[in-house]
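Residue numbers (this note's numbering): 0 to 504. A virtual CB, placed ideally from N, CA and C, is assigned to each residue, including glycine. Keep in mind the model is a prediction, meaning the values are calculated, not measured. Beneath this line is the structure, given in structure tokens, with notes to follow.
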């Protein structure tokens with residue numbers, strides 16, 4: 000259940016509140032800022048708050064705290080109350096982490112990705128003995144500052160990270176030191192580059208030590224240089240085939256015959272998720288791969304322009320694949336339809352950015368054959384003819400939870416007078432197309448009957464005004480309304496948290 004639904008359940012009665020409490024505690028997050036810190040301190044005096052997930056947002060200086068009539072001691076006092084329950088912490092300021100060093104005994108997940116550099120700050124990582132997941136700062140100076148402390152910690156050998164996100168470069172040796180330090184325990188490794196990569200000799204030694212890796216994400220490595228490509232190859236070459244790798248993400252890194260053959264030969268038995276950008280592979284090679292021989296459940300392809308892509312993904316019916324994303328790929332109409340027929344168990348289909356135009360024919364095949372879909376993402380259709388004959392139609396996809404498309408699939412339901420409610424659909428993102436060049440709030444109101452549990456609505460509209468209040472009445476669960484103004488002139492997103500609008504209406 001979503002966090003919002005859990006909140007609804009918790010107020011039904013005491014018994015339901017107790018049932019929802021554990022899950023609600025895990026899914027809830029407390030966000031602390033300079034502006035709300037005083038209110039949180041006051042609340043803690045009256046209530047015993049317990050949060051496992053906390054984010055300290057923004058930069059808390061003495062001046063910003065003074066402007067809100069609070070002292071630095073208030074933050075320390077807050078965490079003296081909360082610290083013993085916190086397992087996940089996100090923050091942006093090194094001095095705050097240093098301040099809380101002794102107050103987080105259960106901390107297992109530390110997200111410092113957006114942390115900035117701050118002079119004369121020291122963090123003792125030995126205090127975080129339960130730390131299992133670390134997202135190191137993307138800022139090079141901040142990373143150097145913090146990780147040098149980690150690798151020099153006397154008890155660093157007792158820190159067994161299972162998940163690590165880190166940048167590496169020639170001038171930053173501590174990144175590789177941390178990987179080496181945690182090699183025996185790492186299950187998830189995300190590697191990015193923050194400078195030139197000419198460290199192949201070090202890769203040979205360090206990545207051979209990894210033995211339990213399940214997720215390898217190399218999408219953060221810059222793909223603009225031959226050095227980066229060689230670094231990626233060195234990682235894959237030296238990572239033992241004994242690692243039970245289930246997910247590999249190569250981002251936008253160009254992939255050649257050798258690299259892909261290396262992946263398939265080592266981990267075809269364990270691999271379940273593959274993000275594969277390929278622009279240098281022949282159709283014959285794609286055909287030879289035959290993904291149906293593996294356990295692959297999730298496949299993301301980018302930059303394929305070969306008819307034989309069909310034979311690579313599904314030369315025959317593939318009942319294993321449940322998620323498929325095709326970006327910047329080109330298929331003929333017949334190949335597209337054949338592909339859809341051969342993937343009957345797809346639950347997630349993302350065709351945004353596909354180089355094949357989506358017409359009524361393609362939508363026919365999706366609605367007829369992919370009846371198990373939970374999430375469907377389509378670019379606006381390119382059809383111009385009447386849509387009254389769109390059969391089979393989207394009413395077959397009764398289990399949809401997220402839909403992004405033009406209005407046409409929904410409009411057909413109105414034209415054919417089909418009575419259906421998508422009882423699981425919580426997110427709807429509607430686009431303009433040639434048959435519906437402009438969307439209006441009145442149009443959205445007309446189709447509201449189909450979406451009784453909608454929580455997030457995104458659409459392109461030129462006028463909203465007082466109609467927003469009517470949208471709230473039609474969609475009682477609506478949390479987020481997101482619309483494009485001045486579409487085709489200057490498109491920008493404006494988000495409205497409807498829960499906050501209650502006070503202004």
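Identify the continuous beta strand (DSSP E) that holds residue 189 and give its terminal residues. 187 to 192
Counting along the chain, where does the alpha helix (DSSP H) carrying residue 575 start and finish? Lying before the first or after the last residue shown, residue 575 is absent from the chain, which here runs from 0 to 504.
If we call anything under 7 Å between Cβ atoms a contact, is residue 476 one with residue 454? yes
Under 8 Å by Cβ, that's how I've got residue 203 and residue 233 pegged, so tell me the actual separation to the nearest angstrom. 7 Å
Which same chain residues end up closer than 7 Å to residue 136 when comparing Cβ atoms and leaving out the 5 residues on each side of it in sequence? 111, 112, 114, 142, 145
Can you tell me whether residue 331 is buried or exposed, with buried defined as 16 or more other CB within 10 angstroms of its CB? exposed
Among 406, 274, 226, nearest to residue 248 - alpha-carbon criterion: 274
Could you check the C-alpha separation between residue 51 and residue 131 for me, to the nearest Å? 15 Å
Rounded to whole angstroms, what is the Cα-Cα separation between residue 230 and residue 363? 44 Å
Here's the rule: buried if 16 or more other CB atoms are within 10 angstroms of the residue's CB, otherwise exposed. What is residue 118? exposed
Helix, strand or coil for residue 50, going by three-state DSSP, please let me know. coil
Please state if the CB of residue 402 and the CB of residue 372 are separated by a distance shorter than 7 Å. no
To the nearest whole angstrom, what separates the beta carbons of residue 174 and residue 219, a pair I think is in contact under 8 Å? 12 Å between Cβ atoms; not a contact.
Once DSSP output is grouped into helix, strand and coil, what is the label at residue 484? Note that residue 484 scores 41 on pLDDT, short of 50, meaning its location in the model is unreliable and no value can be drawn from it.
Is residue 451 near the ligand ADP, with its Cβ less than 6 Å from a heavy atom? In the structure on display, the ligand ADP does not appear, and there are no ligands present to speak of.
Please report how far the alpha carbon of residue 12 lies from the alpha carbon of residue 140, in whole angstroms. 51 Å
Tell me which residues share the same chain as residue 450 and place their Cβ nearer than 8 Å to its Cβ, disregarding the 5 neighbours each side in the sequence. 420, 421, 424, 427, 474
Report the start-end ranges of each alpha helix (DSSP H) in the segment 330 to 412 that is 4 residues or longer and not cut off at the edges. 332 to 340, 359 to 368
On the DSSP bridge list, what partners appear for residue 214? 187, 246
Which of helix, strand or coil does DSSP assign to residue 99? coil
Using beta-carbon positions only, say whether residue 190 and residue 225 come within less than 7 Å of one another. no
Please classify residue 177: is it buried, with 16 or more other beta-carbons within 10 angstroms of its beta-carbon, or exposed? buried
My guess is that residue 321 and residue 339 are in contact by the Cβ rule of under 8 Å, so how many angstroms apart are they, rounded? No, residue 321 and residue 339 are not in contact; Cβ-Cβ is about 14 Å, not under 8 Å.
Given this structure, state the Cα-to-Cα distance separating residue 103 from residue 122, to the nearest angstrom. 13 Å
Give the range of the beta strand (DSSP E) segment to which residue 272 is assigned. 272 to 276
Where does residue 416 sit, in a helix, a strand or coil, going by DSSP? coil
Can you name the residues that DSSP bridges to residue 132? 108, 162
Within this structure, are the beta carbons of residue 168 and residue 192 separated by less than 7 Å? yes
Report the residue from 244, 436, 457, 479 whose alpha carbon sits nearest the alpha carbon of residue 429. 457
Is residue 312 helix, strand or coil by DSSP? helix
If you check the beta carbons only, do residue 298 and residue 323 fall under 7 Å apart? yes
Segment limits, alpha helix (DSSP H) that includes residue 452: Residue 452 -> no alpha helix (DSSP H), and no H or E assigned at all.
Round the Cβ separation of residue 329 and residue 358 to the nearest angstrom and send it over; I've been treating them as touching at under 8 Å. That belief does not hold up - the Cβ atoms of residue 329 and residue 358 are roughly 15 Å apart, past 8 Å.
Look at the alpha carbon of residue 400 and the alpha carbon of residue 161, and state the distance between them as a whole number of angstroms. 32 Å
Have a look at residue 392 and residue 385 and give me their C-alpha separation to the nearest angstrom. 14 Å
Going by beta-carbon coordinates alone, are residue 309 and residue 353 separated by less than 7 Å? no
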